[in-house]
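With UniProt numbering, the residue at position 224 of the sequence shown is 224, and numbering never jumps.
First comes the structure, then the notes that go with it.
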Amino acid sequence: MTLSRTARILLRLAMVLGLAVIYVPLLVVLVNSFNADRSFAWPPPDWTTEWWTRAWQNDGARAALWTSTKAGLGATGIALVLGTLVAFAVQRHRFFGRDTVSLLVVLPIALPGIVTGIALDSAFRTVLGPLGVGKGLFSVIVGHATFCVVVVYNNVLARLRRLGGNLEDASADLGASSWQTFRFVTFPLLRSALFAGGLLAFALSFDEIVVTTFTAGAGVQTLPIWIFANLFRPNQAPVINVVAAVLIVLSVIPIYVAQRLSSDTAGGRL
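Here's what the structure looks like:
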């Protein structure tokens, strides 16, 4: 399709405006983390790294960061196992209800987070609670895994569709066992998709706040929950900007790496 010069200019302006709406507020947060003025006067009258030092020395922020890391790693581990297994089942086998299974796996990421949170809260209180399984870090990991599974499943399923089964059939014809075929053929070809899915799953878990609010027990505070709890405390405002800046960086890096891996045309490089 050929566009006129005016149309191209308008499209570029719309693109710049859209990106500005998304990224200018993030840039302001990054700048304010070095703003020497507590009231965040603009433009910053001076620059300082004091808030970064205070953020690092804040015991609550460090504890929340470690909790978010543990929850993210746990949810990512569950998502990698379940998402990969379901992707193999859906792509490599034909059975009744296959499309329904695929829909049910993808559905949690489309549901509003508050719906998932309420459902999990009810399950832990009414079903698992009497069995001695209360809310805590485990419930947070389970809650995050419900939507982290989706990104792993989509990545692995897309890679399996691209690969087909010819290489695995050739391996079997040459006398390799199922385990040898998986180890030397299938896994190397899936490795970058698994890594990309794991990075995206960790990033989703690390930033989650709605589901965490409903599933975290007493004393369990992830970094997003800690930020929300301290957001309106004047003395904590500079520290909040630093923590938010760190979250921006921690979110951008895995998503960028995952995007590069997902676009790998060779399908097997890592």
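All C-beta atoms in this analysis are idealised placements derived from N, C-alpha and C, irrespective of residue type, glycine included.
Let me see if you follow: with CB-CB separation under 7 Å, is residue i close to chain C or not?
i: ALA75; result: Of the protein chains in the structure, only one exists, and it is not chain C.
Using C-beta distances below 8 Å, list every residue in its chain close to residue i, excluding the 5 sequence neighbours before and after it, in chain order.
i: LEU194; result: LEU80, THR84, VAL152, ASN155 and VAL156
i: GLY97; result: none
i: TRP47; result: PHE34, ASN35 and ALA36
i: LEU26; result: ILE248
i: VAL185; result: LEU167, GLU168, SER171 and ALA176
Where does residue i land, buried or exposed, given buried means 16+ other C-beta within 10 angstroms?
i: ALA140; result: The sequence shown places Val at residue 140, rather than the Ala named in the question. Counting Cβ neighbours within 10 Å, VAL140 comes out buried, since at least 16 surround it.
i: LEU11; result: exposed
i: GLN259; result: exposed
i: VAL239; result: buried
i: GLY72; result: buried
i: LEU111; result: exposed
i: GLU208; result: buried
i: PHE187; result: exposed
i: ILE202; result: It is worth fixing the name first, because residue 202 is Phe in this sequence and not Ile. Result: buried.
i: GLN180; result: exposed
i: TRP51; result: buried
i: ALA196; result: buried
i: GLN236; result: buried
i: GLY198; result: buried
i: LEU120; result: buried
i: LEU250; result: buried
Residues in its own chain within less than 6 Å of residue i by CB, not counting five upstream and five downstream?
i: VAL102; result: Checking the displayed sequence, the identity of residue 102 turns out to be Ser instead of Val. Counting only Cβ-Cβ distances below 6 Å, and skipping sequence neighbours, we find VAL90.
i: GLY113; result: VAL210 and VAL211
i: GLY117; result: VAL210, VAL211 and PHE214
i: VAL86; result: VAL105 and TYR153
Can you give the beta carbon distance from residue i to residue j, rounded, assuming they're within the 8 Å contact cut?
i: ASN241; j: SER33; result: 4 Å
i: LYS135; j: GLY217; result: 4 Å
i: TRP226; j: ALA75; result: Not confirmed; about 18 Å, so no contact.
i: VAL142; j: PRO108; result: 12 Å between Cβ atoms; not a contact.
i: LEU200; j: PRO130; result: Not quite, the Cβ-Cβ distance comes to about 35 Å (not below 8 Å), so this is no contact.
i: PHE124; j: VAL115; result: At roughly 15 Å, the Cβ-Cβ gap does not stay under 8 Å, so PHE124 and VAL115 are not in contact.
Leaving aside the five residues before and after residue i along the sequence, list all residues of the same chain whose C-beta is less than 7 Å from its C-beta, in chain order.
i: GLY267; result: Its pLDDT being 46, under 50, GLY267 is placed unreliably by the model, and the measurement read from it follows with that caveat. Excluding positions up to five away in sequence, the list reads ARG159, ARG162, LEU163 and LEU189.
i: ASN35; result: PRO44
i: GLY18; result: none
i: SER68; result: PHE206, THR222 and LEU223
i: LYS70; result: LEU137
i: residue 271; result: This structure leaves residue 271 out entirely; the chain is present only between 1 and 270.
i: LEU204; result: PHE147, CYS148 and VAL151
i: PHE228; result: ILE209
Query raised in the report: Quick check: the region 244–259 against the region 134–149, are there 3 or more CB pairs under 8 Å?
Result: No: the two stretches stay apart, fewer than three of their Cβ pairs being nearer than 8 Å.
Query raised in the report: In chain order, which beta strand (DSSP E) runs of at least 3 residues are fully inside the region 128–206?
Result: The qualifying runs do not exist here; there are none.
Report task. Counting only runs of 4+ residues fully inside the region 199–253, write out the alpha helix (DSSP H) ranges in chain order. Result -> As far as the region 199–253 is concerned, its whole alpha helix (DSSP H) runs of at least 4 residues are 210–215 and 223–230.
Query raised in the report: Fully enclosed by the region 23–77, which alpha helix (DSSP H) runs are 4 residues long or longer?
Result: 50–57, all fully within the region 23–77.
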